[in-house]
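In our numbering, the protein residues as written are 4 to 781.
This is the structure we're talking about:
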């Protein structure tokens with residue numbers, strides 16, 4: 004019996020490495036291309052805006068922290084800002100995050116730029132892998148990866164210089180892939196991978212997106228278990244990966260928890276503060292165009308809050324494909340993605356929905372964060388997954404005309420709205436003027452002059468700009484509709500949607516990215532200020548009214564009483580007192596603009612204001628002083644009132660919160676000096692003929708302790724002095740000790756991390772050994 008070629012099943016051709024790597028290579032090329040100029044070694048450019056957080060905070064922090072780490076010193080305490088402040092525990096220093104160790108081998112600018120591009124790529128790659136884990140095609144996964152890495156809620160944080168945020172959010176899709184795998188096959192390897200991913204997110208240094216990701220994982224797990232009660236054992240795995248990740252990162256996590264109880268956010272924040280940076284209802288229009296309210300460059304952003312916090316754009320093509328995926332995608336692929344995307348969108352709107360107040364009051368830690376708009380990156384991530392599913396649906400769809408009709412209708416709505424705005428914006432009493440009035444009255448706009456919103460020329464100009472953006476959206480939707488209309492005749496046209504989707508977000512990224520010349524801080528520091536600092540007494544501090552310079556103190560070699568992002572609540576409340584502000588309202592955005600007589604307590608001898616103004620401040624205290632006159636007051640307001648009395652002389656008096664032991668009983672002849680100082684410790688020698696109180700004019704925080712070099716039998720206790728500083732009661736005699744910052748939870752966390760990492764590596768090595776042994780067994 005003969006056979007023909009048609010009777011023989013054709014084997015599936017093997018998938019080549021070229022095909023396998025095409026998507027990841029495309030994503031890498033996109034990540035490099037968007038910042039190619041900054042990656043060129045001789046460019047001297049940094050990624051981000053020159054007046055955003057990269058310039059104000061992270062440049063100095065990264066140089067200070069990793070220069071010290073290269074010398075073998077993991078900095079626990081930054082002595083250069085805020086009269087001293089926890090550094091490692093602040094989390095955003097991220098000294099233990101492995102990708103940040105690029106700073107140990109590369110120049111500062113190169114390490115920052117490469118780190119940003121690396122995490123941009125990882126965000127796309129991990130989204131690609133997650134989508135492949137949901138059985139989407141490689142082109143569809145590439146579309147999703149590009150959509151996430153360039154979506155506005157993620158990419159625009161490169162403009163803001165939010166380095167830890169970019170790092171944490173890059174790992175989220177890989178964590179979601181791990182969660183899927185734990186539910187699907189419960190292989191122990193995925194447990195181990197999940198632990199490492201959670202640890203990386205914690206070490207990356209930004210708690211808020213870690214918390215938000217955890218909420219989404221919990222919600223997703225509840226939905227999976229509710230749909231299939233047999234899936235409940237996977238909850239053990241999910242608990243294990245989060246517990247294991249926390250143990251691996253305990254050296255970072257436990258000090259941060261310790262600091263949280265002393266921070267300006269201890270006990271939560273006010274409802275008004277938590278409500279800030281929620282996505283306003285009008286910013287739902289950024290789903291259609293990211294620049295409808297301005298683009299931060301050619302046209303200043305005139306919407307509410309900062310654009311990078313409240314823009315939801317992930318591409319019109321991506322959005323259309325996501326709707327198709329939500330409606331027509333296979334259930335096993337979607338797995339609640341549409342519901343989770345919608346939930347994240349509602350959560351991103353924060354205080355503009357009734358759900359926000361309920362969660363703030365009842366969900367632990369939810370009310371400790373502001374910027375609910377940061378749920379936007381999770382909304383975009385699930386949207387990109389649905390877009391990949393929708394793209395694959397087009398390959399199977401028998402008809403695409405209904406989708407084409409729906410997209411055409413959306414294009415028509417954009418056209419009508421764009422044309423309406425073009426005519427309406429010339430009317431000072433029209434719809435556009437009313438919307439601008441709402442933005443102005445909210446007092447949430449970042450424009451310097453609210454009066455601009457009522458200027459007829461501005462109303463007309465901004466309305467025409469918004470109209471142009473809507474008409475552009477109309478054109479893109481029309482092109483998508485045309486492709487969908489022709490798709491049943493030419494199925495390969497769907498790849499034009501792939502190109503359009505990637506092109507949309509890439510062009511948006513290229514237009515809205517920014518770079519600035521890497522500043523040479525010592526060269527740009529005003530010469531008159533430099534000379535004044537050099538002439539100041541050793542150990543004295545200065546005050547800069549501009550955070551452009553105050554936070555650069557670790558790099559420029561001086562100590563400043565202020566900086567960027569104050570942490571300690573006691574210190575912030577004391578500084579509020581110096582400005583005549585309500586200490587109860589002190590937060591990390593506290594404005595310190597003018598010198599105060601109380602700066603004397605902080606050993607501040609110079610105030611630098613304006614561009615080059617210098618104001619000498621009288622009689623700054625020394626670093627150490629021994630006093631015998633004291634008052635014991637436990638109430639903060641009573642302490643502040645005592646310090647404000649004309650008879651209070653900080654050179655002879657100190658206000659404590661508990662009785663000293665031993666009690667000073669009269670005048671004392673004494674001396675005290677600093678023998679050696681490091682970032683985290685002081686070596687002190689003191690000699691006195693009667694009990695006295697040693698006042699150290701550095702900021703107080705729990706975690707400071709005394710380690711005696713010459714044992715005296717004294718019980719040294721570090722206590723608050725004058726509310727915000729430190730004191731130690733000393734008995735008569737000679738004392739030689741080290742005052743060091745070494746919080747208990749830091750020491751415990753370090754031990755837990757070392758033990759956990761050792762156990763983790765043993766488990767990994769053991770599993771690899773048994774896997775290899777079983778492979779070779781007959």
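The beta-carbon is built from N, C-alpha and C at its ideal position, and this holds for glycine as well.
Worksheet entry | Span of the alpha helix (DSSP H) around residue 535 | 530 to 538
Worksheet entry | Distance between residue 67 and residue 187 (C-alpha atoms, nearest Å) | Distance from the CA of residue 187 to the CA of residue 67, rounded to the nearest whole angstrom, comes to 45 Å.
Discussion item. Can you check which of these residues, 256, 629, 160, is closest to residue 1 by C-alpha distance?
Written reply: Residue 1 lies beyond the stretch modelled for the chain, which goes from 4 to 781, so this question has no answer here.
Worksheet item: So the alpha helix (DSSP H) residue 197 belongs to, where does it begin and stop?
Response: 191 to 207
Discussion item. For residue 122 and residue 148, I'd like the C-alpha separation in whole angstroms.
Written reply: Whole-angstrom Cα-Cα distance: 12 Å.
Worksheet entry | Which of helix, strand or coil DSSP assigns to residue 170 | helix
Worksheet item: Quick one: is residue 515 buried, meaning 16 or more other Cβ sit within 10 Å of its Cβ, or exposed?
Response: buried
Worksheet item: With a cut-off of 8 Å, do at least 3 Cβ pairs link the segment 240 to 260 to the segment 756 to 763?
Response: yes
Fill in: Contacts around residue 129, its chain only, beta-carbon distance under 6 Å, and the 5 residues preceding and following it disregarded
176, 177
Item to complete: Could you tell me which of 576, 99, 539 sits nearest to residue 170, measuring between CA atoms?
Response: 99
Fill in: Buried or exposed (CB count within 10 angstroms, at least 16 for buried), residue 153
With 16 or more other Cβ atoms inside 10 Å of its own Cβ, residue 153 counts as buried.
Item to complete: Along the beta strand (DSSP E) that carries residue 608, what are the first and last residues, could you check?
Response: 607 to 612
Item to complete: Count the C-beta pairs between the segment 46 to 59 and the segment 77 to 93 that are closer than 8 Å, then say yes if the count reaches three, no if not.
Response: no
Item to complete: Classify residue 78 as helix, strand or coil using the three-state DSSP reduction.
Response: Coil.
Fill in: Cα-Cα separation, residue 8 to residue 218
Residue placement at residue 8 is poorly supported in this model, since its pLDDT is 46, which falls under 50; the coordinates still yield a value, given next. Approximately 56 Å between the Cα atoms of the pair.
Worksheet item: In whole angstroms, what is the alpha-carbon distance linking residue 173 and residue 664?
Response: 52 Å
Item to complete: Could you pull the start and end residues of the alpha helix (DSSP H) that residue 255 belongs to?
Response: 253 to 263
Worksheet item: By DSSP, does residue 518 sit in helix, in strand, or in coil?
Response: strand
Worksheet item: Helix, strand or coil: how does DSSP classify residue 507 here?
Response: helix
Worksheet item: Using DSSP with H/G/I as helix, E/B as strand and the rest coil, what is residue 584?
Response: coil
Item to complete: Count the other CB atoms, across all protein chains shown, that sit within 10 Å of the CB of residue 301; report buried if there are 16 or more and exposed otherwise.
Response: So residue 301 ends up on the exposed side.
Fill in: Burial state of residue 361, where buried means 16 or more other Cβ atoms lie within 10 Å
exposed
Item to complete: For residue 680, name the three-state secondary structure that DSSP assigns.
Response: In the structure shown, residue 680 sits in a strand (DSSP, three-state: E or B).
Worksheet item: residue 400 lies in the beta strand (DSSP E); which residues open and close that run?
Response: Looking at the DSSP string, residue 400 is not in any beta strand (DSSP E), and its letter there is neither H nor E.
Discussion item. Report the CB separation of residue 741 from residue 690 in whole angstroms; it is logged as a contact under 8 Å.
Written reply: Under the criterion of beta carbons closer than 8 Å, residue 741 and residue 690 do not qualify as touching, at roughly 17 Å.
Item to complete: Please confirm whether residue 240 and residue 194 have their CB atoms less than 7 Å apart.
Response: yes
Worksheet item: Ordered along the chain, which non-local residues of its own chain (more than five positions away) have a Cβ less than 6 Å from that of residue 577?
Response: 726, 727
Worksheet item: Do you know whose CA, among 420, 645, 479, lies nearest residue 467's CA?
Response: 420
Discussion item. With a threshold of 8 Å, are at least 3 pairs of Cβ atoms found where one atom belongs to the segment 528 to 537 and the other to the segment 568 to 584?
Written reply: no
Discussion item. Could you check whether the segment 356 to 371 touches the segment 195 to 202, counting it as contact only if at least three pairs of C-beta atoms, one from each stretch, sit closer than 8 Å?
Written reply: no
Practice prompt. Report the rounded CA-to-CA distance for residue 438 versus residue 463, giving the unit in angstroms.
Written response: The alpha-carbon atoms of residue 438 and residue 463 are separated by roughly 13 Å.
Discussion item. How far does the alpha helix (DSSP H) with residue 312 in it extend, from its first residue to its last?
Written reply: 310 to 313
Worksheet item: Rounded to a whole number of angstroms, what is the C-alpha to C-alpha distance between residue 267 and residue 681?
Response: 26 Å
Discussion item. Comparing C-alpha positions only, which one of 270, 457, 276, 341 sits nearest to residue 367?
Written reply: 270
Worksheet item: Between which two residues does the alpha helix (DSSP H) containing residue 131 stretch?
Response: 111 to 136
Discussion item. My output table needs one value for residue 471: the three-state DSSP class, helix, strand or coil.
Written reply: helix
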